[in-house]
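One structure is given below, encoded as structure tokens.
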Amino acid sequence: MRIKNICCIGAGYVGGPTMAVIALKCPDIRVTVVDSNPDKIKAWNGPLEGLPVFEPGLGEVIKEVRNRNLFFSNNIDESIDLAEMIFMAVNTPTKAKGEGAGMAADLCYIEACARDIAKYSKSDKIVIEKSTLPVRTAEKIKEILDKNSNNIHFEILSNPEFLAEGTAIQDLFKSDRVLIGGDETESGQKAVKALVDIYANWIPKEKILTTNVWSSELSKLASNAMLAQRISSINSLSALCEKTGADIDELSKAIGMDHRIGPHFLKASVGYGGSCFQKDILNLVYLCKYYELDEVAEYWHQVVKINDYQKDRFAQKIIDHFGGDLTGKKIAILGWAFKANTNDSRESAAIYVSEKLYNAGASIEIYDPMVPQNKIKKDINSFWNIGTLNHSLDFSKISINQKLNFLNSCDALAILTEWEKFKLIQLEKIKVFDGRNIGINSFYQIGKQ
Ligand code: NAD
Ligand code: UGA
-15 MRIKNICCIG AGYVGGPTMA VIALKCPDIR VTVVDSNPDK IKAWNGPLEG LPVFEPGLGE
45 VIKEVRNRNL FFSNNIDESI DLAEMIFMAV NTPTKAKGEG AGMAADLCYI EACARDIAKY
105 SKSDKIVIEK STLPVRTAEK IKEILDKNSN NIHFEILSNP EFLAEGTAIQ DLFKSDRVLI
165 GGDETESGQK AVKALVDIYA NWIPKEKILT TNVWSSELSK LASNAMLAQR ISSINSLSAL
225 CEKTGADIDE LSKAIGMDHR IGPHFLKASV GYGGSCFQKD ILNLVYLCKY YELDEVAEYW
285 HQVVKINDYQ KDRFAQKIID HFGGDLTGKK IAILGWAFKA NTNDSRESAA IYVSEKLYNA
345 GASIEIYDPM VPQNKIKKDI NSFWNIGTLN HSLDFSKISI NQKLNFLNSC DALAILTEWE
405 KFKLIQLEKI KVFDGRNIGI NSFYQIGKQ
């Protein structure tokens, strides 16, 4: 079966870049990305500097394929009907209320997608889970599709995405692996082949791994859990380094030189952020509890607990340095994005650290090169109130800066995102708390070394 039309539901950090790369590598396929948020579609169709997702290299790809064979559209119904293959790349955040709140993945967006696909499809479709989903979600999707349609065959595949923000385009060009899970029936295997043929346009065949649907769904959660576990492991050791005089960077290097361990994801930090690690591990914990695997659930939950501990520990270090009270102190927060080379601030450690410093009495000066000022303000309004704050926010004590020209008026500076430009900062008499490495060497006073 040759695919001529693809529809992707969800024009976010995954839907936008992945479909741009498919369109680039498969010029004969017409790819349409739809979203329930018309502003997002407008931005994808607007100037390259204002794309909703900032990713190195994305602008160049969009420039080449947009309106050639990649289209961003509000016509969800038409785009679904026209496509033989539909990717679901909608968000799957942690549930905020109801059963499993604070742990389980909220599947309301994926369920809405499935209902739309059933409603607008007039011919058979291959439906692909691109979003990260709990194991056995395909069963639920199939049920919704079959219940809401007539005489249409839907074949469901799992094809989780492994790109990391900030390197999305290069990850998509040269994926370590592409994972495709499908049913072992004849129609299931035909659908798997149709998707393999698409990726085979640029991914070597030996890197395209096919499995059953459940293995594919669970491999995605497990991969993120293993990555986050490495970060929590090294971060937990950074605390011990600080007590003993060992250097966490030297430790990482020594550990990572063992080829069985490897050097990646061993960088101590102020804690991982991003929209996925925490939510995916909490989801894994929930699944383990659901299947009454309490010990397994507790094992993985500890990865999230250490991450919270690390963020808290970093903020507390700054507070302790000033004797437990930050009243009258001005702290610069450098970096709001959860990592460098993205404009994404979801679950960024900066949100939590700055909230704790503010609550200890500090004035906060924030700067990030890519996260828009209104987004930073929105994060503060949405997330600081959830924490320990029980009074209204005093915005005269919070400045969101467009330029890096305020540092000399600050008492301390916390570097929370690894942006290149922060590495060049030269300051006199400012205490620098470097969240990129909170081991023993992180406390240094520039000008006094
Ligand atoms: P996102 O929030 O950036 O984008 C999701 C988009 O889906 C939004 O624009 C939203 O408006 C749209 N949407 C939601 N419901 C819809 C509906 N019913 N119809 C049409 N549009 C709808 O999310 P994201 O970061 O792209 O993540 C999407 C999924 O991919 C998640 O499951 C995530 O865990 C997974 N994932 C994300 C990354 C990443 O780096 N961000 C990497 C791998 C996997
Ligand atoms: C992560 C995974 O790396 C992707 O494979 C996965 O597809 C994605 O989650 C997802 O499912 O959303 P992402 O969160 O975009 O990607 O970025 P990472 O590079 O993994 O960084 C996550 C966080 O960990 C960042 O805050 C980063 O600063 C931190 N980190 C990373 C460390 O603290 N130490 C490290 O050694 C590496």
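Residue numbering for the sequence shown follows this note's numbering, beginning at -15 and increasing consecutively.
We put the CB at the ideal spot given by N, CA and C, even for glycine.
All of these numbers come straight from a predicted model, not from anything done at the bench.
Item                                                                                                                         : Value
Euclidean distance between Cα positions of LYS263 and MET87                                                                  : 7 Å
GLY371 - DSSP class collapsed to helix/strand/coil                                                                           : Residue placement at GLY371 is flagged as unreliable, the pLDDT there being 49, under the threshold of 50; a coordinate-derived value is accordingly withheld.
C-beta contact flag for CYS(-9) and ALA67 at 7 Å                                                                             : yes
Counted within 10 angstroms of its Cβ, other Cβ atoms place MET69 as buried (16 or more) or exposed                          : buried
Given PHE417 as reference, the closest of LEU400, ASP231, PHE322, LYS407 once Cα atoms are compared                          : LEU400
Beta-bridge partners of PHE56, as assigned by DSSP                                                                           : VAL17
Cβ-Cβ distance between GLY345 and LEU310 below 7 Å                                                                           : yes
Other residues of its chain near LYS204: CB distance less than 7 Å, five sequence neighbours each side excluded              : THR116, PRO144
Exposure of SER426, with buried meaning 16 or more beta-carbon neighbours within 10 Å                                        : Only weak support exists for where SER426 lies, its pLDDT of 39 falling under 50; the value from the coordinates is given anyway. By the neighbour-count rule (16 or more Cβ atoms within 10 Å), SER426 is buried.
Residues near ALA316 in its chain [Cβ-Cβ closer than 6 Å; skip 5 each side]                                                  : GLU349, LEU391, CYS394, LEU397
Own chain residues within Cβ distance below 7 Å of PHE38, not counting five before or after                                  : THR326, ASN327, MET354
Environment of ALA238 [buried if 16+ CB atoms lie within 10 Å]                                                               : exposed
Simplified DSSP assignment, three categories, for ALA98                                                                      : helix
Spatially closest choice to ARG14 from GLU234, ILE64, TRP28, by CA coordinates                                               : ILE64
Chain-order list of residues whose beta-carbon lies under 8 Å from that of ILE463 (same chain, five-residue window excluded) : Residue coverage of the chain in this structure runs from -15 to 433, which leaves residue 463 outside it and unanswerable.
Where THR228 falls: helix, strand or coil (DSSP)                                                                             : helix
LYS314 - partner residues in DSSP beta bridges                                                                               : SER347
Meets three-Cβ-pair contact criterion under 8 Å: the region 128 to 147 and the region 158 to 174                             : yes
Any 3 or more C-beta pairs closer than 8 Å across the region 112 to 126 and the region 200 to 214                            : yes
For MET72, three-class secondary structure by DSSP                                                                           : strand
Those residues which DSSP pairs with VAL162 across a bridge                                                                  : ILE192
Nearest-angstrom Cα separation, counted from ALA321 out to LEU156                                                            : 21 Å
Ligand 2 heavy atom lying under 6 Å from the CB of CYS260                                                                    : yes
N- and C-terminal bounds of the alpha helix (DSSP H) containing ALA175                                                       : 170 to 183
Proximal residues to VAL49 (C-beta, below 7 Å), its chain only, five neighbours per side dropped                             : ALA4, ALA7, LEU8
In DSSP terms, what LEU397 is bridged to                                                                                     : ALA316, VAL416
Reference ILE484, options GLN213, SER222, CYS92, SER259, closest by Cα                                                       : As displayed, the chain neither begins before -15 nor continues past 433, which places residue 484 out of reach and without an answer.
Exposure label - PRO444; buried when at least 16 CB within 10 Å                                                              : Residue 444 lies beyond the residue range present for the chain, which begins at -15 and ends at 433; the question has no answer from this structure.
C-alpha distance - GLY257 paired with ASP292, whole-angstrom precision                                                       : 10 Å
Contact check, VAL437 vs PHE298, beta carbons under 7 Å                                                                      : Within the shown structure, residues of the chain are numbered from -15 to 433, placing residue 437 beyond reach of any answer.
Neighbour-count burial assignment, GLN158, 16 or more Cβ in a 10 Å radius                                                    : Residue identity differs from the one stated: residue 158 is Lys in this sequence, not Gln. Its Cβ having fewer than 16 others within 10 Å, LYS158 is exposed.
Near ligand 1: LYS323 beta-carbon under 6 Å from a heavy atom                                                                : no
Alpha-carbon spacing of SER347 relative to GLU339, whole angstroms                                                           : 11 Å
Integer Cβ distance of ASN208 from PHE261, believed to fall under 8 Å                                                        : 6 Å
Residue span of the alpha helix (DSSP H) that contains ILE6, given as start and end                                          : -1 to 9
Heavy atom of ligand 1 within 6 Å of ILE(-7) beta-carbon                                                                     : yes
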